[in-house]
Each structure stands twice: as structure tokens, then as C-alpha cells.
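Worksheet: one structure, shown below.
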Amino acid sequence: MTTNPSYAPERDTSEGKVFTVTGGDWDTVVGAADPVSDERLIVNMGPQHPSTHGVLRLILELEGETVREMRSVVGYLHTGIEKNIEYRNWVQGTTFVTRMDYLSPIFNETAYSLAVEKLLGIEDEITERATTIRVLMMELNRISSHLVWLATTGMELGAISIMLYGFREREYILEIFEMISGLRMNMAYVRPGGVAQDVPDSAVAKIREFLKVMPKRLKEYEDLLSGQPIWIERTQGVAVLDVTGCISLGVTGPVLRSAGLPWDLRKTMPYCGYENYEFDVPTSTDADVWGRYQVRLAEIRESLKIIEQALERLRPGPIMVADKKIAWPAQLAIGVDGLGNSLEHVAKIMGQSMESLIHHFKLVTEGFRVPPGQVYVAIEGPRGELGAHAVSDGGTRPYRVHFREPSFVNLQALPAMAEGGLIADVIAGGASLDPVMGGCDR
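Sequential numbering from 1 applies to the sequence shown in UniProt numbering.
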């Protein structure tokens, strides 16, 4: 065996012969091994591309229209949310986390609140009505998130009509959110200890209307897409990732279930009383874009079943824990200037003893203290396992909060789906992961 002295020069030492290995020129190495290396093209797709499902940058190495290598570049929507939480009290953290994955704010808030409640040791003190409202809001949010996925994926694959219809039904859900919380998105509605305010009767009536309308609309979506030759061509057998690949890459949610594994934290590791609800975990064995489409539509139907059961369980009662040292003292109402503290509540605080006023002031400005410790709480978000890792040093502010965000984890599967396929299928595969870059980058 002969060695190239310029690549690995050698020298004798008291320990024996030593080789110093240096790198060669990569273009020369690749060119020697690959006769078509000169014909390859590096293309930046994104972050301003209209079909990368957000500010996602994909670096593609193309050979004709075939993707030979791909790298995802994230971080264009980084907002420092996790670091900012360290400078706010535990309740104020809700207003930050709700803005991470902006298509599923209720899930962000619930994961965070469950983690804080676990640190406080008050999981069993959360009222039945508050827990039921959380389930109700989460399932409405799951449907609205899946509708945005269907709408945007349809648009990216050329089905403009479904985009209009998907946003039409989502608008109905956002109106329900506004009736309940005062806001359409980023509501900071789920708080440690319960929820911000009660569900009005008018919202319950609107939800019942939605339950009547939505099954017909789902049938329309399927009539529009499922037998459409172009939709079938663009989804079946495209961006395949089997269950072994999903598990190896940590992929969860509809993508994992479309590969055949019925892993849903609402069933496997129940929280918020999900073990008391009757629903199925939809799966598919296609493991492609078509399978993910089928699973998400089926999940919307299951969410409708859960919402109906939640409405039946909505008994009168408190919506916040009884402990006044934890319960956020606000009583909100709609006034001439929008949503805010009700005047009656303000008058009551000001008219009570000086001690109660001081307690209110301290709780709002400083916040409650959380015992030292760390917890990890995971829930089933629309995109997969959403986990909150919260650490307390015993103060009124979080020492550290970190989220296991499914969009971030799932995106690493994109090269495995896209490499060896056509550049057109990169769009379909990326969309089928349903990444939300606000959640990915945080």
C-alpha cells in the first residue's frame, strides 16, 4: 500500500510512525467519484418562497429535477420566547408561549400550564369545568390547525378552491374563540390554575351549530380532492417515510400515525381527563402524503366527537383553583374599550381591606412562588408531541422553560423524504409535515 505524501505526510517519533491526515479539495474528490458532478446545481428554496410552508430555507442539490441532497435551514422566525419567559412571572409566561406555534396557541398554553401546575403540586385541584373547557378548546384548535394544513397544502399543490373552503371553516372556529376569550389567536386563555374566563352560553350554542355543519363540509372536501387525478398523482407514493424512519428521527403526530403506529398521547399517556372520552386514533399504512391527508381528515372527525362529549360534561362550577395565593385575581368583562377587568371587580378590590388590595397588587406584579424542581409534561398537539420542560429555583419567575416542539423535530425528516425524488415533491413532502416555523424557531 502506498500513501499520498501530500494527503497524509508521515514522520517517525519515539512512539512509532505518525501520519498527519489532511483534507483534500472536496470538488476534486467528488468529481473523481461522480462523473455528473459538474451538472449538479445548488438551489436555495426559501426562506421567502411561497410554498415552503413558512420562512423555511431548503438548500437543494439538484441533478436535473432530481434532488440528490437537501439541507434545512431554520431560525428565520426566532423570537427568543423561551429566554424572555425567564424575565416574567409564571402567569405572564402564558402570553409568550401562546405565540410560539401560532396555529395552535391553546396547546402551547395548556402544555405550559400543566407543567407549572405539576411544579406547584396542584394537578388534582384543577376544577372539572376548567379541565373540560381546556379539552373543548384544544379540540376546536386541533380542527382549525388541520384546516389550515389542508388549505395551504391544497394551494401549494394547485387546488385553490380547497384553500378558500378551509379558511372559511377556520373562520367559524376563530369566531368561537373570540366569543370565549375575546381574541381570535394568541389568547393566553389557559392559565396556571385554570382558564382566564368562563365559556358563555352563546359560545356553546355556536359550537353546537358548528358540530352540525362541519361533517357536511368534510364530505365536500373529500368529494373535491379524494377522487381528483392530479391530487392523487401529487400525494400517493410521494415523500414516503415508514414507521422505522419515523421512530429513528423522533417524528410524532399524524406523520407517525400515517405510517401505521397508533401513538397518540391522549390515549397512551392521558392528561386532562382524555381517558374518559370515547374516540379512536386514526392510522394509515400508506406512509406518504396521501396517508397524512387521510389521517388528518379522520382526526377532525374524532375531534368533533370529543367536542360533543365535552359539551355534555360542561357542568356549572368554578374555572380557577380555589387557592387565592395562586388564582389569578382578574375578573374580565367586555367594556366600551374592549376586554378588560370588570368595573364591578375593580370596585370590589378597592372597597375591601388594605390587606386584600396589597395581596392583589403583589400577585399581579410579582406573581406566586413555585417550589424548586423540574418537570416535563407532554401533550398531543396537532403536529405531534408538544412537551414543556420547566425548571424552578423557588422564585416567582421560571429559571428555565424549554419546549420540545414537533415542527422542529419533524422537519429533520424532510431530507429522508425528499432525497432521490423530484423537486416538485419537495413541496408536497414539506407540506405534509405541517411545520409551523413560529413553533420551530421560537
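Glycine is no exception: its CB is placed at the ideal position from the N, C-alpha and C atoms.
query	result
Assumed close pair residue 259, residue 287 - CB separation to whole angstroms, cut-off 8 Å	4 Å
Range of the contiguous alpha helix (DSSP H) that encloses residue 157	Counting along the chain, residue 157 falls outside any alpha helix (DSSP H), and DSSP gives it neither H nor E.
Simplified DSSP assignment, three categories, for residue 12	strand
Beta strand (DSSP E) segments (min. 3 residues) lying fully within the stretch 358-397	373-381, 384-392
Local Cβ density within 10 Å of residue 409, reported as buried at 16 or more and exposed below that	buried
Cβ-based burial, residue 425 [other Cβ within 10 Å; buried from 16]	buried
Pair within 9 Å by beta-carbon distance, residue 73 and residue 61	no
Coil, strand or helix - residue 285 by DSSP	coil
Assigned exposure category for residue 168 - 16 Cβ within 10 Å defines buried	exposed
Cβ-based burial, residue 354 [other Cβ within 10 Å; buried from 16]	exposed
Residue 275 and residue 89 closer than 9 Å at C-beta	no
DSSP-derived helix/strand/coil call for residue 186	coil
Alpha carbon of residue 65 to alpha carbon of residue 191, nearest angstrom	49 Å
Assigned exposure category for residue 320 - 16 Cβ within 10 Å defines buried	buried
Identified DSSP bridge partners for residue 17	12
Own chain, CB closer than 7 Å to residue 242, minus 5 neighbours either side, in chain order	259, 287
Under the three-state DSSP convention, the category residue 104 falls into	coil
Neighbourhood of residue 125 by C-beta, 6 Å cutoff - its chain only, sequence neighbours within 5 removed	321
Counted within 10 angstroms of its Cβ, other Cβ atoms place residue 352 as buried (16 or more) or exposed	exposed
Helix, strand or coil at residue 278 according to DSSP, with G and I counted as helix	coil
Nearest-angstrom Cα separation, counted from residue 350 out to residue 362	14 Å
Buried or exposed (CB count within 10 angstroms, at least 16 for buried), residue 18	exposed
Candidates 92, 95, 56, 94: closest to residue 78 by CA position	56
Cβ-based burial, residue 14 [other Cβ within 10 Å; buried from 16]	exposed
Residue of 439, 71, 156, 431 minimising C-alpha distance to residue 419	71
Classification of residue 1 by the beta-carbon crowding that lies within 10 angstroms, buried from 16 upward	Low per-residue confidence applies at residue 1: pLDDT is 48, beneath 50, and the placement is therefore not dependable enough to give any value.
Beta-carbon proximity list for residue 175, same chain, < 8 Å, skipping 5 on both sides	184, 206
Three CB pairs or more closer than 8 Å across the stretch 94-112 and the stretch 282-302	no
Three or more C-beta pairs below 8 Å linking the stretch 248-262 and the stretch 291-301	yes
Inter-residue Cα distance where the pair is residue 46 and residue 76	10 Å
Residue 146, DSSP secondary structure in three states	helix
CA-to-CA distance, residue 395 to residue 141, given in whole angstroms	32 Å
As assigned by DSSP and simplified to three states, the class of residue 53	coil
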